[in-house]
Amino acid sequence: MSRKKKEIVEKPYHKPLVKKRKPNRSIAGDIALYIFLLLVALIMVFPIVYAVNAALKPLDELFMFPPKIFARNPTMDNFADLFVTMGKSWVTFSRYLFNTVFITALGTAGHLIIASMAAFVLAKYDFPGGPFFFKLATTAMMFTGYVTAIPNYLIINKLGWVDTYWAIIIPAFASPMGLFLMKQFMEGLPTSLIEAAKIDGANEWKVFFEIVMPNVKPAWMTLIIFSVQGLWNNRASTFIYSEERKTLVFALQQIQLGGIARTGQSAAVLVVVMIVPILIFVFSESQILETMASSGLKD
Numbered sequence: 317m318s319r320k321k322k323e324i325v326e327k328p329y330h331k332p333l334v335k336k337r338k339p340n341r342s343i344a345g346d347i348a349l350y351i352f353l354l355l356v357a358l359i360m361v362f363p364i365v366y367a368v369n370a371a372l373k374p375l376d377e378l379f380m381f382p383p384k385i386f387a388r389n390p391t392m393d394n395f396a397d398l399f400v401t402m403g404k405s406w407v408t409f410s411r412y413l414f415n416t417v418f419i420t421a422l423g424t425a426g427h428l429i430i431a432s433m434a435a436f437v438l439a440k441y442d443f444p445g446g447p448f449f450f451k452l453a454t455t456a457m458m459f460t461g462y463v464t465a466i467p468n469y470l471i472i473n474k475l476g477w478v479d480t481y482w483a484i485i486i487p488a489f490a491s492p493m494g495l496f497l498m499k500q501f502m503e504g505l506p507t508s509l510i511e512a513a514k515i516d517g518a519n520e521w522k523v524f525f526e527i528v529m530p531n532v533k534p535a536w537m538t539l540i541i542f543s544v545q546g547l548w549n550n551r552a553s554t555f556i557y558s559e560e561r562k563t564l565v566f567a568l569q570q571i572q573l574g575g576i577a578r579t580g581q582s583a584a585v586l587v588v589v590m591i592v593p594i595l596i597f598v599f600s601e602s603q604i605l606e607t608m609a610s611s612g613l614k615d
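In the numbering used here, the protein residues as written are 317 to 615.
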């Protein structure tokens, strides 16, 4: 072996030095940005802090003027009085809670599955009428519930679902917002990933549940948050008339109509109603961010 070849072999490999890119912002700019974000966070958390403190205030502090943000003598009497009032009803608190949880869980699960399946077909398959169906769904998002209330009631009455859980659950399955959200997200999923799974012998169901759904987790986690929020706060007073089938929100709002004497209970009602959507968002938000950071597949 010649000396030149020996030098080539024995010469250690040196990586080229890469200059680190300096950030464009200055230290003052970073401080200003953090201060701005802190102010926005305080503005957003203020209603929750105020509502919780109002629920912990005794009656004399609730009527204090000017009102105070924080409770001076916090107490749980408002929550105790609320459960006492609910206990006097001939329908128990647990029954109202079961109705709401059942409607929310089943409606959310059905909405997620049906919207995801329809979105997968619209996003990854070409068939006659596909673009028209998607345009129809996006057009339906323009109409509020007040516009469609009468047609919905006529259809549900014709189907015999009035005064049943299905009057709330089935319409939740067909919400166009979920289809739009899932379809737009699935369009960014690599088609090559689906084709590779089919080449390996996976059928349509396996591709959908084991390939597609895990990769669009940010979308369906967001969909769960919006669906739970909508169904949990649904009073269902338009379609459900039997007291034993009414939702928890309806029963709690009836307590709020009790006048000045129930001001403390009304404050407690507000906390009870908003606590579930907030908790679901808090526990889901970290998973959404984590999945968004790790799901960057592109063709």
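For every residue, glycine included, the Cβ atom is placed at its ideal position computed from N, Cα and C.
Under the Cβ criterion (8 angstroms, minimum of three pairs), the region 555-566 counts as touching the region 471-483.
For Trp536, the secondary structure class from DSSP, reduced to helix, strand or coil, is helix. A straight-line Cα-Cα distance of about 15 angstroms links Val587 and Leu413. Pro467 carries a helical assignment under DSSP once its states are collapsed to helix, strand and coil.
Straight-line spacing of the CA atoms in Pro444 and Ala434 works out to 15 angstroms. Residue state for Pro506 is assigned as coil, using DSSP reduced to three classes. Taking a contact as a CB-CB distance under 8 angstroms, the pair Leu438 and Lys499 counts as one, their CB atoms being some 5 angstroms apart.
The beta carbon of Val368 lies closer than 7 angstroms to those of Val587 in the same chain, with the five residues before and after it left out. In this structure, DSSP gives Pro447 a helical state, which the three-state scheme calls helix. Met458 places its beta carbon 8 angstroms or farther from that of Met493. For Asn519, no alpha helix (DSSP H) encloses it, and the DSSP letter there is neither H nor E. Straight-line spacing of the CA atoms in Tyr441 and Leu495 works out to 15 angstroms. Around the beta carbon of Ile594, fewer than 16 other beta carbons lie within 10 angstroms, which makes this residue exposed. If only uninterrupted alpha helix (DSSP H) runs of at least 4 residues are considered, those enclosed by the region 359-424 are 375-378, 393-403. Sorting Ile471, Pro363, Leu505, Asp397 by C-alpha distance to the C-alpha of Phe436 places Leu505 at the top. Between the beta-carbon of Gly546 and that of Ile485 there is about 12 angstroms, and that puts the pair past the 8 angstroms contact cut. For Ile486, the uninterrupted alpha helix (DSSP H) segment begins and ends at 482-489. Exclusion of the five residues before and after Glu503 leaves Ala439 as the residues of its chain whose Cβ lies within less than 6 angstroms of its Cβ. Under the three-state reduction of DSSP output, Arg551 falls in the coil class, being neither helix nor strand. The beta carbon of Ser543 lies closer than 6 angstroms to those of Thr424, His427 in the same chain, with the five residues before and after it left out. Between the C-alpha atoms of Ser405 and Val589 there is a straight-line separation of about 19 angstroms.
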